[in-house]
Structure formats: C-alpha cells, structure tokens
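**Q** First the structure, which I've put down as structure tokens, then a few questions once you've had a look.
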Amino acid sequence: MKHMLLLMLFITLFSNRLFGAETIIEVVPLHNRPASEIQPLLAPLLENSDRLIDNGSSLLVKTTPERLAEIKSLINKLDTGLNNLVITVMQSSHATADELNAAAGIRLNSPIAEPSKASGKIAGRIYQTQDQDAHESMQTIRTMEGNTAFIKAGRTYPITTTQSYYSAYGYPDGSTNTEFIDATAGFAVTPRLAGEQAVLDISPWSDSMNARNQIQTQNAQSRLRIKLGEWIELGGIDENSQSGSDGHFSRRRQTDESRLRILIKVDKTD
1 MKHMLLLMLF ITLFSNRLFG AETIIEVVPL HNRPASEIQP LLAPLLENSD
51 RLIDNGSSLL VKTTPERLAE IKSLINKLDT GLNNLVITVM QSSHATADEL
101 NAAAGIRLNS PIAEPSKASG KIAGRIYQTQ DQDAHESMQT IRTMEGNTAF
151 IKAGRTYPIT TTQSYYSAYG YPDGSTNTEF IDATAGFAVT PRLAGEQAVL
201 DISPWSDSMN ARNQIQTQNA QSRLRIKLGE WIELGGIDEN SQSGSDGHFS
251 RRRQTDESRL RILIKVDKTD
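Note that the working numbering has the sequence shown beginning at 1, numbered continuously upward.
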C-alpha cells in the first residue's frame, strides 16, 4: 500500500513538472490595435492547448514554446497601424449611387459579395434646418479607423409653458417660460478596413416630438460592407413641409412630401 502511494505521488509530481515544462505564459504588448480586435482573429487558429486572454492593450498567451513564436508573429502582423479615413455623407433628392460612381469613373463590374446583405436601411425623419429650395447637402468627416463618427441633422423646438397664480394683491397673474429642445435624426458609424473594403457598424436614431411635447427616440443597429471610394445608398429620409393661407371664407392647407436619399462613401487618406 505504501509503495502504491509513493508511485501515485511520483506520477503526480512528474506529470505536473512535465505539464509545466510544456506550457508557458507570456504577455504580448500591442502597439496599435486593441486586444478585443485581434483576439477573435486568432481564435480559429489556436490549438487545444493554446489560450489567449484579452488584457486591453496586451494579450496574455498560454502555449508551448514552439507555438509561442508562431503566435507572436501572427500578432505582430495583425497589430498594424490604424488608417485615417474620410467619410462623406450626401443627402440628395435626385442623385443616386450609380450616378455618383459613374461620374467618378468607378467600374461596377465586380459587385460586393452578397449584395443583399451589404445594403443597410435607415428609416428616419429629419427636419431640415436649411432652405427648402436646397435639395442636396454633404458632410465630410475625417476619423481614424475604429473610431465612431456622428452624422446628424435636426431642428430646435421652442416649448412654452405658462404658469398662473395670484399676485400679492389678490389679482390673477401669470408667467411664461420658453425652453428649446433639440430633435435630431442621423447615425453613428464606426468604420474598419478589410483589405480594399470598409466594414461599417451603423447605429441610426430618429427623434420625434409627440403630442405631449416630449422627445421620443427610435434606434437600431446594422453592419454593411462597401468598397473604398464607392458610393452606396443607406436608405431614405422623409421630409414634410406645410404651408397654408387663410381667406375670409376659406382656409387652405398644403403638405409637401419629398424623399431624400442618404448616400455614404469611405476613402482612405494619409
């Protein structure tokens, strides 16, 4: 019995020493990209004994000495510098993505894979603050890959409240207070590069004023892939404008509706 216990203890110590000699742990610092971006790319390439832990600006790697050099080489290749990007957003009532791409001399003979999944839709209502005769507007935003840019338009609503009370002399009196509330529509976009394409994480939102003078917000999330330098239509915006005239015996109201296309393009810059 005593010999059996000694044998089991020897096997346990030997296996622990052997296991400790086969695996090592090392902290690999990252210089450009976060660990949360690199870890999912390496996960399919790991073997059963490999482990990667996201540590923010570094990766904790547990593997064999032979595999460590290979994993560190892959990390260095993925930890590339972030690119500067220019995001251009156009709101137009007449221009289309095909027309803009044709004008820029872009050939469309090689469409994006799975085009049905590459066209995200944004449904919202934007109250334009610009002149009604203007049917086109453009915004250009410079950002770094992986950072979020915000594109929005909106309108400021004056909300007036009235308070009634009696004065010190017993007479009815009152006061008014005007507060300005912003109602906007637009989207937040986070671009990342994948070769000659850009992957866009888009979070659109739309504010509207309800009957109680309260702002209600709707939002969603989508992801699409577009070619660099190529226009793509995200969706449309409904615009409403009302006009009216009063006569002695009649009252006339007219509502004009138009639809603006939202188009987006991403370019890589220095």
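Glycine is no exception: its CB is placed at the ideal position from the N, C-alpha and C atoms.
1) Inspect the beta-carbon positions of Gln91 and Ser137 and report whether they are closer than 9 Å.
2) What three-state label does DSSP hand Asp270 in the structure shown?
3) From the DSSP output, in three-state form, read off Ala221 for me.
4) Please classify Ser276 as buried or exposed, where buried requires at least 16 other C-beta atoms within 10 Å of its C-beta.
5) From the DSSP output, in three-state form, read off Asp50 for me.
6) Based on DSSP bridge pairs, tell me the residues matched to Arg212.
7) Here's a check: name, in chain order, each residue in its chain whose Cβ is nearer than 6 Å to the Cβ of Pro158, leaving out the five neighbours to either side.
8) Between the segment 99–106 and the segment 51–70, do three or more beta carbon pairs fall short of 8 Å?
9) Here's the rule I'm using: 16 or more other beta-carbon atoms within 10 Å means buried, otherwise exposed. How should Ser200 be labelled?
10) Looking at the unbroken beta strand (DSSP E) that takes in Glu179, where does it start and where does it end?
11) By alpha-carbon positions, which one of Asp50, Ile53, Glu26, Gly195 ends up nearest to Leu82?
12) Taking all protein chains shown into account, do 16 or more other C-beta atoms lie within 10 angstroms of the C-beta of Lys233, making it buried, or fewer, making it exposed?
13) If we ignore side chains and look at the alpha-carbon of each, how far apart do Ile226 and Pro44 end up?
14) Are the CB atoms of Leu263 and Ala97 within a distance shorter than 9 Å?
15) Measuring alpha carbon to alpha carbon, tell me which of Arg33, Ser49, Gly170, Val189 ends up nearest Ala149.
16) Nearest CA to the CA of Ser222: which residue from Ser203, Trp231, Gln214, Ala211?
17) Once you ignore the five residues that flank Thr23 on each side, which residues in its own chain have a CB closer than 8 Å to its CB?
18) Determine the contact status of Thr88 and Gln139, defining contact as a CB-CB distance below 9 Å.
19) Quick one: using the 10 Å Cβ neighbour count with 16 as the cut-off for buried, is Lys77 buried or exposed?
20) If you draw a straight line from the alpha carbon of Asn84 to that of Arg192, how long is it in whole angstroms?
21) Quickly, what does DSSP pair Leu42 with across the bridge? List them, please.
22) Three-state secondary structure (DSSP) at Ser92?
23) Taking DSSP's pairing of strands, which residues face Ile264 in a bridge?
24) Can you check DSSP and say which residues form a bridge with Leu60?
25) Distance, Cα to Cα, Glu145 vs Ser57?
26) Does the separation of the CB atoms of Ser93 and Arg261 fall below 9 Å?
27) Alpha carbon to alpha carbon, how far is Thr143 from Thr269? Give it in angstroms, no decimals.
**A** Let me lay it out:
1) Yes, they are a contact pair.
2) coil
3) Note on identity: in this sequence residue 221 is Gln, with Ala being the wrong assignment. Coil.
4) No answer is possible for residue 276: it lies beyond the span of the chain, which begins at 1 and ends at 270.
5) coil
6) In DSSP, Arg212 forms no bridge with anything.
7) Thr178, Phe180
8) no
9) Per the sequence shown, residue 200 should be read as Leu rather than Ser. Answer is buried; the Cβ neighbour count reaches 16.
10) 172–194
11) Gly195
12) Position check: residue 233 holds Glu in this sequence, whereas Lys was assumed. By the neighbour-count rule (16 or more Cβ atoms within 10 Å), Glu233 is buried.
13) 25 Å
14) yes
15) Val189
16) Closest in alpha carbon position to Ser222, among Ser203, Trp231, Gln214, Ala211, is Ser203.
17) Ser49, Lys62, Thr63, Thr64
18) yes
19) exposed
20) 10 Å
21) Per DSSP, none; premise fails for Leu42.
22) Of the three classes helix, strand and coil, the one that applies to Ser92 here is strand, per DSSP.
23) Val89, Ile232
24) Val27, Ile53
25) 17 Å
26) yes
27) Looking at the two C-alpha atoms, the distance is approximately 10 Å.
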